[in-house]
Structures are given as C-alpha cells and as structure tokens.
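Colleague:
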C-alpha cells in the first residue's frame, strides 16, 4: 500500500516544504491544497504564483515525490467551472492525476451539471474528479455519493472516501465493497474517538483541527482497510493542532506515518 500525505495534515507548510518533509519521512506522494476552504486555513494558489510553482516542481524533482491530487473545489451555486482551468493547468504541471471536489449546492440538478462540466474540463488534463462527501454537505454519505456519481456517468468521475466522514455518516463495509475500484484510486485515512460529536461545530472542529493517528482512536480502520481493493493509495489526512503545537510539524507527520505503517504491518501479520 502506497502512502500519500494530504496537505491538511500540515496545512501551514508551503507546497515545496511539504514535499521535502514528506520525502524525509517516507511518503511517496502528497496532495496539495491550492484553493482555500475557510478564511482561517491557507491555500497555496500555485496557478497565480510562478515562483512558488517552480519551487514546488523543483522539490518534486529533487525528492522523486509525486502529487496524487489537488484540492479543494467547493461546487457552490455560483461556481464558474471555466474559471478553474488555470487551477487544473497547475495541477497538470505538477503531475497530479486527481482533483478533489465537494458538494455545496442544494440544487441537485445544477450540482450534477456543474460536476459533469468539471469532469469534462478535467479530462483535458487527464485528471479524475473525486467527489468527497461530508455529513454536513449536500451529499452526506457514501450511498448518496455512489448514486450521484453513477447518475452523472462521466468516465473520469470518482468518489473520495474519508474514514472519518465514512464513520460519522454511518457508512458500511458492504457499501464500500460495491464501489468500482477504478472510481476509488485513493482514500483519506485518519482515526478519531468512537463517540460522534453532537454538534456541527464539533464535527467541523474534529475534521479540520483534531483527528488521531491510525490505531489511536475508536474507528474500525483495520476493518476498513481489509475491505479496500489492494491497489488503493492511502492518503493520511490527520490534522492534529494541539500535538503539532507541542511537537512541531515534522514530528506530527512522522507520528501519523509511523502509526499507519504499524497498522499495515499488523494487518499483514493477522
């Protein structure tokens, strides 16, 4: 199982720095956040910063690290799909093969139309468009994401399953096994306490600020991994704000990498 480092794990690191730290720790690829999600959390618009783009490409060349995905496109009622061309061009220049999107338009027909248009645009760059579901978004669970993507019926569509959102939305391993492996080139992995947060604020805080390394929470990650196709890449998305403040970013990245490799070893020995 190849391991990738999602940018949210160390979102304060600029892309070139993230690549170099990921390589030192042992990751084979990274995901890069080029578009901001919240006013408080940074994005790194490489499409508008030629110097930063060159620095990132140099870091990739120096380390041999790949880019699995770019993010984070929020499909809203006002999204201009055509305006994302420079974003996709930057991703293509980095060698990214996936773009992550999220459903934030309550009009399901318009959401489907925009998603299909984005798939068509991304096909110009040989990129798959990964729809990620969230309990608080318009597509809330895996079953709904599966039906939505199948309904749009674009050859380069895909579904991004995040173990935290999968658990919080009541996903089942039977639903996971129904997915076409070609539609799921990678997943996001993190752990968390078994108890669900009872408020939207709690869900968002846990998802964006305080997750746990694999094996240190109450999610059935071993069961999840055993139900994945063998070729799926594991992207670790484990923001740990408190731990990072105490120990530093590289220590935090090393912690989640070591926890994941330990779990993989335990699965292989079982």
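In the working numbering, the protein residues as written are 1 to 270.
Even glycine gets a Cβ: it sits at the ideal position worked out from N, Cα and C.
Predicted model only: the values in this text are computed from it and were never measured.
Would you call residue 205 buried or exposed, if buried means 16 or more other Cβ atoms sit within 10 Å of its Cβ?
Modeller: exposed
Colleague: Does DSSP put residue 103 in a helix, in a strand, or in coil?
Modeller: strand
Colleague: Once the 5 residues before and after residue 70 are set aside, which same chain residues still bring their CB inside 6 Å of it?
Modeller: 32, 34, 91, 96, 99
Colleague: Are residue 30 and residue 67 close, meaning C-beta to C-beta below 8 Å?
Modeller: Yes.
Colleague: Figure out for me which residue from 155, 254, 189 has the closest Cα to the Cα of residue 161.
Modeller: 189
Colleague: Check the C-beta distance from residue 130 over to residue 148 and give it rounded, since I have them as a contact under 8 Å.
Modeller: For a cut-off of 8 Å, the C-beta gap from residue 130 to residue 148 is around 12 Å, too long to register as a contact.
Colleague: For the pair the stretch 171 to 179 and the stretch 197 to 213, tell me if three or more CB-CB distances fall below 8 Å.
Modeller: no
Colleague: Based on Cα-Cα distance, which residue from 58, 116, 125, 54 lies nearest to residue 86?
Modeller: Taking residue 86 as reference, the option from 58, 116, 125, 54 with the minimal CA-CA separation is 125.
Colleague: Kindly list the residues whose CB is nearer than 8 Å to the CB of residue 218, restricted to its own chain and excluding five residues on each side of it in sequence; keep chain order.
Modeller: 191, 192, 193, 194, 195
Colleague: What separation, rounded to the nearest whole angstrom, lies between the Cα atoms of residue 233 and residue 6?
Modeller: Each residue's CA atom was taken as its position, placing residue 233 and residue 6 some 12 Å apart.
Colleague: Measure the CB-CB distance between residue 249 and residue 14 and report whether it falls below 8 Å.
Modeller: Taking 8 Å as the cut-off, the Cβ atoms of residue 249 and residue 14 do not count as close.
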